[in-house]
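The structure appears below as structure tokens.
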Amino acid sequence: MGFTPLEGVVMGTRPGDIDAGALIYLAKKLNLSPSELDEFLNQKCGLFGLSGKTNDVRELIALSEKGDENAKLALEIFAYRVQKYIGAYFAALGGLDLLIFTAAIGERSAIIRNLICQGLG
């Protein structure tokens, strides 16, 4: 996280890193006040916004396995964003000795770990 909880990877209801120009576009397109934009970015984006259904990764996996393209896209974007952060830290640290996954998704979801690691080469 940065100045606010919005920065970083895609989260359940937050978009993660986002182009500042996209914020201006959203505010104009949806006719949102600054407070409404803040609420939108914190509660209606992320995995929930991408899938249009849920922010629960377990549910997204189940939906994806049943052919839900939006759920699949949400998981792919999440994995891609994590890959980008791993790559950035790899470069900043000058290498990688070990990659450890923590928290509920990292510890309890082999599917998500595999999805993230597939693109790491």
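Numbering-wise, the sequence shown is residues 140 to 260 according to this note's numbering.
Virtual Cβ for every residue (Gly too), placed ideally from N, Cα, C.
>> Between the segment 179-193 and the segment 145-152, can you find at least three pairs of beta-carbon atoms closer than 8 Å?
In response: yes
>> Within a Cβ cutoff of 6 Å, which residues of the same chain sit near F217, ignoring the five residues on either side of it in sequence?
In response: V149
> Of the residues L259, D177, T193, E175, which one's Cα is nearest the Cα of L214?
Replying inline: T193
> Using CA coordinates, which residue listed in C256, M140, G151 is at the minimum distance from R197?
Replying inline: G151
> What residue from G258, G160, Q257, K211 has the CA that sits closest to G188's CA?
Replying inline: K211
>> Taking its Cβ as the centre, do 16 or more other Cβ atoms sit within 10 Å of G155, making it buried, or is it exposed?
In response: buried
> In whole angstroms, what is the alpha-carbon distance linking N245 and R252?
Replying inline: Correcting the residue identity first, residue 245 is Gly in this sequence and not Asn. Their backbone Cα atoms lie some 6 Å apart in a straight line.
> Going straight from the alpha carbon of R153 to that of G191, what length do you get?
Replying inline: 13 Å
> Which of the three DSSP states, helix, strand or coil, is assigned to I200?
Replying inline: helix
> Do F229 and L235 have their CB atoms nearer than 8 Å?
Replying inline: yes
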